[in-house]
Every structure is written in C-alpha cells, then in structure tokens.
Amino acid sequence: MIVFYDSWCPMCTAVAERTKKLEKKGKMKFVSFRNEDVVEKYELSQELQSKMEQRLYILKNNKWYDGIQSIHVLAKAVPSYWFAVPFIKLSIVLGFGSKVYDYIANNRKLVPVGHCRGGVCEIPTKK
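To convert, note that position 107 of the sequence shown is 144 in my numbering; the numbers rise steadily by one, no gaps.
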C-alpha cells in the first residue's frame, strides 16, 4: 500500500509520521507527491497531482482510493486505528464522511518547503 500525502501540509505530515510509527508490519509506504522523484517513479500525471493537492490518495493492489475512502483503507490497515473503522464506515454509508473530509482538507494550512527567499515564504491560498 502506497500512501501519497502532501508534505506541504503540516497536519498531513504529522499524521503520516504518526502512522509510520504505529504500522509495524512494514506494508505501508508513505511518499510525498510534492517530491519530483515520486512523480517520476509513479508516473503521476499533472491531473492526478492536482487532485492530490485536494485529497489523500492511496494505491493498494493496483486500485486508487481517495478522500474518506483512503482514510477508511488506512484505518483498516493499522490496528491502533481499528476503533475508528466503524465510525468512518458509518459516515460513508450515511453520506456525510466525504463532506467532513472535504471540509477539513479545504481548511488545512500549507507551508511550501524550499520556496522561501530572503527569509520570506509565500503561503499559497486555497482554490
């Protein structure tokens, strides 16, 4: 399972780091889609990269998951997150999981790494 996260997002990076520590089987790989080597290795199109700016993406068994579905896949794979699986599934079934996910994703902060000049960093505004 490959988890494509946004390394410009402190919250996303923190969740990725925490999950790496909790996932003991080594079956998960976390990669930032902001890394050019990752873009080349996984042949990420511009369109897919744009989508990854908005949502978490997971590639598992040659199938893509995004948004709340990716959170569900991730939670099922990490025993420490199993308590949340029924609630995530219920939110998907009842139709509000994607809305909550999108609200959080659209209101997260981004801090571009390596884009600072002269001690000043431009913080991109959300679309």
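Just so it is clear, CB atoms sit at the ideal spot from N, CA and C, and this is done for glycine as well.
Note that the structure is a prediction, hence the values are computed from the model and not measured.
Measure the Cβ-Cβ separation of residue 105 and residue 134 and say whether it is below 7 Å.
The criterion of a C-beta distance shorter than 7 Å is satisfied by residue 105 and residue 134.
Given a cut-off of 7 Å on the beta-carbon distance, is the pair residue 75 and residue 68 in contact?
A contact, by the Cβ cut-off of 7 Å.
Since residue 142 and residue 92 should fall inside the 8 Å C-beta cutoff, what is the C-beta to C-beta distance between them, to a whole number of angstroms?
Residue 142 to residue 92, Cβ: 6 Å. Contact.
Where residue 42 falls: helix, strand or coil (DSSP):
Secondary structure at residue 42: strand, using DSSP grouped into helix, strand and coil.
Under three-state DSSP, which class holds residue 96?
In the structure shown, residue 96 sits in a strand (DSSP, three-state: E or B).
Can you grab the Cα-Cα spacing for the pair residue 52 / residue 99, in whole Å?
So the alpha carbons of these two residues sit roughly 23 Å apart.
Quick check on the DSSP output: the beta strand (DSSP E) that includes residue 69 runs from which residue to which?
Bounds of the beta strand (DSSP E) holding residue 69 are 66-69.
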